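**Student:**
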Amino acid sequence: MNLALKKSLPFNTTADFAGVALVASSPTLVITNGNSSFKSFGDLIDFARKKPGVLNYGSAGVGSATHLAGEYLLMEAGIKMNHIPYKGVKEAVSEVFSARIDTAFPPIALALPFIRDGRLRALAITGSKRSELLPAVPTVAELGYKDFDYGIWYAFVTRAGVPKPILTRMAGEIRKISEMPEIQAKMKSQGLELSNLELGEFDKYIASEMSKFSRIVKADGIQPD
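At the far end of the sequence shown sits residue 1151, using the working numbering, and the numbering has no gaps.
(1) Which residue spans inside the segment 1011-1052 form an unbroken alpha helix (DSSP H) run of at least 4?
(2) CB alanine 1018 to CB proline 1032, shorter than 8 angstroms?
(3) Report the option in Gly1014, Tyr983, Val988 whose CA atom is closest to the CA atom of leucine 1000.
(4) Quick check: what's the CA-CA separation for threonine 1094 versus alanine 947?
(5) Based on DSSP bridge pairs, tell me the residues matched to tyrosine 983.
(6) List in chain order: all unbroken alpha helix (DSSP H) runs of 4+ residues lying wholly within the segment 931-1008.
(7) What is the rounded straight-line gap between the Cα of isoleucine 1090 and the Cα of proline 978?
(8) In this structure, does DSSP put valine 1088 in helix, strand or coil?
(9) Can you tell me which of the three DSSP states phenylalanine 1074 falls into?
(10) Who pairs with valine 1083 in a beta bridge, going by DSSP?
(11) Give the straight-line distance between the Cα atoms of isoleucine 914 and glycine 960, rounded to the nearest whole angstrom.
(12) Can you find the residues in the same chain that come closer than 7 angstroms, C-beta to C-beta, to lysine 1072, ignoring five residues on each side of it along the sequence?
(13) Apart from the five residues on each side of it in sequence, which residues of its chain come closer than 7 angstroms, Cβ to Cβ, to alanine 995?
(14) Do valine 1022 and alanine 986 come within 8 angstroms of each other at the CB atom, strictly closer than that value?
(15) How big is the Cα-Cα spacing for serine 963 and lysine 976?
(16) Considering only C-alpha positions, which residue in the set Arg1026, Gly1098, His1009 is nearest to phenylalanine 1082?
(17) So, are the CB atoms of alanine 1050 and threonine 1065 less than 8 angstroms apart?
(18) Which whole-angstrom value is the C-beta distance of alanine 974 and lysine 1006, which I expect to be below 8 angstroms?
(19) Beta carbon of serine 1140, beta carbon of alanine 930: below 8 angstroms?
(20) Note down the Cα distance separating threonine 940 from lysine 1130, rounded to an integer number of angstroms.
(21) Between serine 1057 and valine 949, is the Cβ-Cβ spacing less than 8 angstroms?
(22) Where do the ends of the alpha helix (DSSP H) carrying methionine 1113 lie?
(23) If we cut at 8 angstroms on Cβ distances, does leucine 1125 have a partner in chain C?
(24) Among Gly968, Lys932, Pro936, Ser952, whose alpha-carbon lies nearest the alpha-carbon of leucine 1069?
Rendered as C-alpha cells:
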C-alpha cells in the first residue's frame, strides 16, 4: 500500500523483502445503519448512482485500509460518495450506527457485535467467499462485481537474501502453529480467513496486491505523501 501512497520510501518494497507466510486475512463489510432504508447492497449502489456525491462513507483516515476498501468499491461500481476520514475505524463505525454517515467498510470482527444487536446492517462482504460468522451476507463478487476481493491481511516477511532452506523452515513452522485447533478457532472467531499459500505463491500475492492498490490510488487521485 505504501508503495502507491508514498513518494519515497527508505526501502525498496519489492527488492528488500521476502515473503515467508500469509497467515490469514480479514474481509471488510459494507455496512449501514440498522434502521436505514438501504435493505440490500443493490439499494445502496442504486441510490449512489442516481445521486452521486450525496452519500458519505467513513474510514480510519486517508490512505488507510478501510479508506482504500471504499475507494475500491467506488471504482468498481462506478459511483461517487464523499469520504469522511476519522482517527480510527471504530469512530467511523459508531458514526454509522448513530446515523451521522451512511456507510463504512470495517473488518468483520469490529462490526459483528453491532450487527448482532441490530444497530448495524451488513449489506455485503468484500472477501472472496462468505463468512461463517455471517453466512447470509453475500460477497460483492456474488452481487455482480466479478473478481472483487478485498481484505486486510496478516503475514510474515523477512529481509531479502535469506537462504531458501531457512525460508522454507520458517514457513513450515508458522503453518504448523496456524493449523493448531485452538489457534484456528481463535482466528475464525475474529472473522479471519486462514491462508494456505505456498512460499512462492505469497510473493506473487504481494505483487498482485501492490498492483491493485496502485490502481485504486490512481483512480481515486489520492496524492502520495
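Quick reminder that beta carbons are idealized off the backbone N, C-alpha and C, glycines included. Nothing here was measured: the structure is a model prediction, and the numbers come from that model.
**Tutor:** The short version:
(1) Listed in chain order, they are 1015-1023, 1034-1042.
(2) For alanine 1018 and proline 1032, yes; Cβs fall inside 8 angstroms.
(3) The shortest Cα separation from leucine 1000 among Gly1014, Tyr983, Val988 belongs to Tyr983.
(4) Taking the CA atoms as reference points, threonine 1094 sits about 9 angstroms from alanine 947.
(5) Tyrosine 983 pairs with His1009, Thr1029.
(6) Every unbroken stretch of the alpha helix (DSSP H) spanning 4 or more residues and falling wholly within the segment 931-1008 is given here in chain order: 967-976, 991-1003.
(7) According to the sequence displayed, residue 1090 carries lysine and not isoleucine. Cα-Cα distance, rounded: 51 angstroms.
(8) DSSP places valine 1088 in coil when its eight states are reduced to three.
(9) In the structure shown, the three-state DSSP call for phenylalanine 1074 is coil.
(10) By DSSP's assignment, valine 1083 forms a beta bridge with Gly945.
(11) Any question about residue 914 goes unanswered here, given that the chain covers just 927 to 1151.
(12) Beyond the five residues adjoining it in sequence on each side, lysine 1072 comes within less than 7 angstroms, by CB distance, of no other residue in the same chain.
(13) Once the five neighbours on either side are set aside, the close Cβ partners of alanine 995 are Thr954, Phe1031, Thr1052, Tyr1076.
(14) Note that the C-beta distance between alanine 986 and valine 1022 is not below 8 angstroms.
(15) Inter-residue distance for serine 963 and lysine 976 is about 15 angstroms (C-alpha atoms, whole angstroms).
(16) Closest option to phenylalanine 1082, Cα to Cα, is Gly1098.
(17) For the pair alanine 1050 and threonine 1065, the CB atoms are nearer than the 8 angstroms cut-off.
(18) So it is a contact: roughly 7 angstroms between Cβ atoms.
(19) Yes. Within cutoff.
(20) Near 11 angstroms, if we compare the C-alpha coordinates of lysine 1130 and threonine 940.
(21) If you check the CB distance, serine 1057 and valine 949 do not come in under 8 angstroms.
(22) From DSSP, the alpha helix (DSSP H) with methionine 1113 extends over 1107-1115.
(23) Looking at the structure shown, chain C is missing, and only one protein chain is on hand.
(24) Closest option to leucine 1069, Cα to Cα, is Gly968.
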